[in-house]
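Structure first, commentary second.
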Amino acid sequence: MNRENAKRKATDTTDSSQDLSTSTEAARERKTDLLKKARKKVRKNQRAREEQPTSSIKSHFPVVEKESMATTGTTDSDNAQDITNADILKKLCEMSGQLDKVCTTVEELKGEIFELKEDNSALRSELEKCKQKLERAEEMVIEAKTQASVAERRVNDLEQYGRRNNVRVLGVPEAEGENAADCEEKVLAVLRGKLGLKSMANSDIEACHRIGQRQRRQQEQPGSRSQVLPKARPIIVRFVNRKAAETVLYHRRKLKSTSYVITEDLTPANFSLLAYCWDHPEVEDSWSKRGNIIARMKGSKSFKRIEKRSDLPDLPLGASTPVNRGAEDDSTDMVIPLIQIMTTMCLGIGLMWRKHWRNMCEYCTLVCF
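Note that the sequence shown ends on residue 369 in full-length UniProt numbering; no numbers are left out.
This is the structure:
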């Protein structure tokens, strides 16, 4: 009996050892399979992570490794990483959701960029249109300036033509209570006595009067009874015909040694241009003849007609700008005739309606003359 029991125990021991060894081998095989599957999944996830850099799987694996080590009890020494499919799928789903959000954001940004491009192209087209309009406006402004300059010159020529029978006499003493008849007698005395025009009579003069505002008498010192006589105002004389005016202007050279001066009745623009020539450093001499400004340059014997300031050479660097002598007094002394006002109005209207410009000028000429 004892022997049989011993044999049975030995047999049970061998069987149990065999069962234990087989179970151990099965467990090892199962662990090996699990490790292989886990490694394959890890490699697959690594590949997916490399293909999709926006999502990061590696950042989630340490948590999974810790959880698997806590549940299975494996260590790094055994290279056991028990990662379940559920955990990996969960992380992949989270990453997929994040990736979807990123894709949605990218699509929205693409739409906004497309809209911005359309707006930019529209703004560029509008800018080109504005540039074209600005260029046309600049051309119109240049054309209008040119036409205005031409019209202003024509108005000045017409005004000067209307003054062809006028002369100015300066240096004639002015008395208290003087009237037009007294002025006429004083002018005739100068013409007959100083110029030697004995045939000049009252019938040759159409109008004669002083121009400008009369200055008040000023005392020399406060409390003093002596007074300073005001400066005599110039006298403008309008002759009956142009021939008489030209005769007076021709003989005015005889007044060089006297205090009297006889000049042409220039328009404000022509007088300003003449004063500019007087003060220009490159001009040797300048004068007016029949309303035209004539200048002779330094170092030259010839002379030329000056129509505008740009006809003179530019001033050297550092040179002061010429002052228009007497321009301020001339603006107050000048008598603007009716022809200037009517011509200016007609020419202004003609510039607004360029199609009827010639008709308006002809109408102006007919009305004025």
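Note that the Cβ used here is the ideal one computed from N, Cα and C, for glycine as well.
Legend entry - Chain-order list of residues whose beta-carbon lies under 8 Å from that of residue 209 (same chain, five-residue window excluded): For the purposes of this step, residue 209 is identified with residue 209 of the sequence shown, where counting begins at 1. If we look at residue 209 and ignore the five residues flanking it on each side, its Cβ neighbours are 180, 183, 235, 236.
Legend entry - Reduced DSSP category for residue 295 - H, G, I as helix; E, B as strand; rest coil: The sequence position of residue 295 within the sequence shown is 295, counting from 1. Three-state result, residue 295: strand.
Legend entry - Per-residue burial, residue 151 [other beta carbons within 10 Å of its own, 16 or more giving buried]: To locate residue 151, count along the sequence shown from 1; it is residue 151. The residue is buried, with at least 16 neighbouring Cβ atoms inside 10 Å.
Inset, instruction - Compare the beta carbon distance of residue 262 and residue 277 with 9 Å and say whether it is the shorter of the two. - result: Residue 262 sits at position 262 when you count from the first residue of the sequence shown. Residue 277 sits at position 277 when you count from the first residue of the sequence shown. Their beta carbons are not under 9 Å apart, which means residue 262 does not touch residue 277 by this criterion.
Legend entry - Cβ-based burial, residue 141 [other Cβ within 10 Å; buried from 16]: Within the sequence shown, numbered from 1, the residue matching residue 141 stands at position 141. Looking at its Cβ environment, which holds fewer than 16 other Cβ atoms inside 10 Å, residue 141 is exposed.
Inset, instruction - Decide yes or no for the touch test of the stretch 270-289 against the stretch 299-316: beta carbon pairs closer than 8 Å, at least 3 of them. - result: yes
Inset, instruction - Identify whether residue 123 lies in helix, strand or coil by the three-state DSSP scheme. - result: Within the sequence shown, residue 123 is the residue found at index 123, counting from 1. The answer is helix: DSSP assigns residue 123 an H, G or I state.
Legend entry - Sequence-distant residues of its chain with Cβ nearer than 8 Å to residue 160 (five each side left out): Translated into the one-based positions of the sequence shown, residue 160 becomes position 160. Around residue 160: 266, 267, 270, 291.
Inset, instruction - Pull up the CB-CB distance for residue 171 and residue 244, whole angstroms please, since I reckon it's below 8 Å. - result: As a first step, residue 171 must be located in the sequence shown, where it is residue number 171. As a first step, residue 244 must be located in the sequence shown, where it is residue number 244. With a Cβ gap of about 20 Å, residue 171 and residue 244 do not count as contacting.
Legend entry - Spatial neighbours of residue 249 in its chain, beta-carbon cut-off 8 Å, leaving aside the 5 residues before and after: Translated into the one-based positions of the sequence shown, residue 249 becomes position 249. The answer, listed in chain order, is 167, 262, 264.
Legend entry - Span of the beta strand (DSSP E), counted from its first residue to its last, around residue 285: Against the sequence shown, residue 285 aligns to sequence position 285. Taken as a continuous stretch (DSSP letters only), the beta strand (DSSP E) holding residue 285 covers 283-289.
Inset, instruction - Could you tell me which of 213, 97, 298, 287 sits nearest to residue 281, measuring between CA atoms? - result: Along the sequence shown, one-based indexing puts residue 281 at 281. Selected option, being the one with the closest Cα: 298.
Legend entry - Sub-9 Å separation of residue 48 and residue 92 beta-carbons: Here residue 48 is taken as the residue at index 48 of the sequence shown, counted from 1. Here residue 92 is taken as the residue at index 92 of the sequence shown, counted from 1. Their beta carbons are under 9 Å apart, which means residue 48 touches residue 92 by this criterion.
Legend entry - C-beta atoms of residue 411 and residue 156 nearer than 9 Å: Nothing can be reported for residue 411, as the shown portion of the chain is limited to 1 through 369.
Legend entry - Backbone CA spacing between residue 135 and residue 121 [nearest angstrom]: Here residue 135 refers to the residue found at position 135 of the sequence shown. Here residue 121 refers to the residue found at position 121 of the sequence shown. One C-alpha to the other measures close to 21 Å.
Legend entry - Residues of its chain near residue 355, where Cβ-Cβ distance is below 7 Å and the 5 sequence neighbours each way are ignored: Translated into positions along the sequence shown, residue 355 becomes position 355. Confidence is the limiting factor: at residue 355 the pLDDT is only 46, short of 50, which leaves the residue's position unreliable, though a coordinate-based value still follows. Contacts found: none.
Inset, instruction - Within its chain, find whatever has a CB closer than 8 Å to the CB of residue 254; leave out the 5 residues flanking it on each side and keep chain order. - result: Position 254 of the sequence shown, counting from 1, holds the residue named residue 254. Around residue 254: 194, 195, 196.
Legend entry - N- and C-terminal bounds of the beta strand (DSSP E) containing residue 166: Taking the first residue of the sequence shown as position 1, residue 166 is located at position 166. Its beta strand (DSSP E) spans residues 166-170.
Legend entry - Element boundaries [alpha helix (DSSP H), containing residue 186]: The count along the sequence shown starts at 1 and reaches residue 186 at position 186. Note, residue 186: alpha helix (DSSP H), 180-193.
Legend entry - Close Cβ partners of residue 222 (< 7 Å) along its chain, the five nearest in sequence each way excluded: What you label residue 222 is simply residue 222 of the sequence shown in a count that begins at 1. Only weak support is given to the placement of residue 222: the predicted model assigns it a pLDDT of 49, under 50, and the question is left unresolved by the model.
Legend entry - Residues bridged to residue 263 [DSSP beta-bridge criterion]: Sequence index remark: in the sequence shown, residue 263 carries index 263 (1-based). Residue 263 is bridged to 168.
Legend entry - Local conformation of residue 37 per DSSP, three classes: Counting from 1 along the sequence shown, the entry for residue 37 is found at position 37. Helix at residue 37.
Inset, instruction - For residue 116, count neighbouring Cβ atoms within 10 angstroms of its own Cβ and tell me buried if that reaches 16, exposed if not. - result: If you number the sequence shown from 1, residue 116 lands on position 116. Per the 10 Å Cβ criterion, exposed.
Legend entry - Through-space distance from residue 289 to residue 283, alpha-carbon basis: On the sequence shown, residue 283 is found 283 positions in, with the first residue counted as 1. On the sequence shown, residue 289 is found 289 positions in, with the first residue counted as 1. If I take the Cα positions, the gap works out to 17 Å.
Inset, instruction - Going by CA-CA distance only, name the one from 162, 35, 143 that's closest to residue 238. - result: For the purposes of this step, residue 238 is identified with residue 238 of the sequence shown, where counting begins at 1. Looking at the Cα atoms, 162 is the closest of the given residues.
Legend entry - Nearest-angstrom Cα separation, counted from residue 127 out to residue 301: Residue mapping note: residue 301 aligns to position 301 of the sequence shown, counting from 1. Residue mapping note: residue 127 aligns to position 127 of the sequence shown, counting from 1. Their backbone Cα atoms lie some 57 Å apart in a straight line.
Legend entry - Buried or exposed by the 16-neighbour rule on C-beta atoms within 10 Å, applied to residue 285: For the purposes of this step, residue 285 is identified with residue 285 of the sequence shown, where counting begins at 1. Residue 285 is exposed by the Cβ-count criterion.
Inset, instruction - Check whether the Cβ atoms of residue 205 and residue 187 sit closer than 9 Å, and answer yes or no. - result: Mapped onto the sequence shown, residue 205 falls at position 205. Mapped onto the sequence shown, residue 187 falls at position 187. In this structure, residue 187 lies closer than 9 Å to residue 205 by Cβ.
Legend entry - Through-space distance from residue 257 to residue 314, alpha-carbon basis: Residue numbering aside, residue 314 sits at position 314 when the sequence shown is read from its first letter. Residue numbering aside, residue 257 sits at position 257 when the sequence shown is read from its first letter. Rounded to whole angstroms, residue 314 to residue 257 spans 35 Å at the Cα level.
Inset, instruction - Please state whether DSSP places residue 175 in a helix, a strand or coil. - result: Taking the first residue of the sequence shown as 1, we reach residue 175 at position 175. Correct three-state label for residue 175: coil.
Inset, instruction - Output the boundary residues of the beta strand (DSSP E) element that contains residue 242. - result: By one-based count along the sequence shown, residue 242 stands at place 242. Note, residue 242: premise wrong, no beta strand (DSSP E); alpha helix (DSSP H) at 242-250.
Inset, instruction - Run the CB neighbour count on residue 158, radius 10 Å, all protein chains shown included, and call it buried at 16 or more, exposed below. - result: Looking up residue 158 in the sequence shown gives position 158. It is buried - the Cβ of residue 158 has at least 16 other Cβ atoms within 10 Å.
Inset, instruction - Following the continuous beta strand (DSSP E) through residue 207, name the residue where it begins and the one where it ends. - result: In the sequence shown, counting from the first residue as 1, residue 207 sits at position 207. Here the beta strand (DSSP E) through residue 207 covers 205-210.
Legend entry - Straight-line gap, residue 190 to residue 174 (C-alpha atoms, nearest Å): Your numbering for residue 190 matches position 190 in the sequence shown. Your numbering for residue 174 matches position 174 in the sequence shown. Distance between the alpha carbons of residue 190 and residue 174 is about 14 Å.
Inset, instruction - Alpha carbon to alpha carbon, how far is residue 207 from residue 240? Give it in angstroms, no decimals. - result: Taking the sequence shown and counting its residues from 1, one reaches residue 240 at position 240. Taking the sequence shown and counting its residues from 1, one reaches residue 207 at position 207. Each residue's alpha carbon lies about 9 Å from the other.
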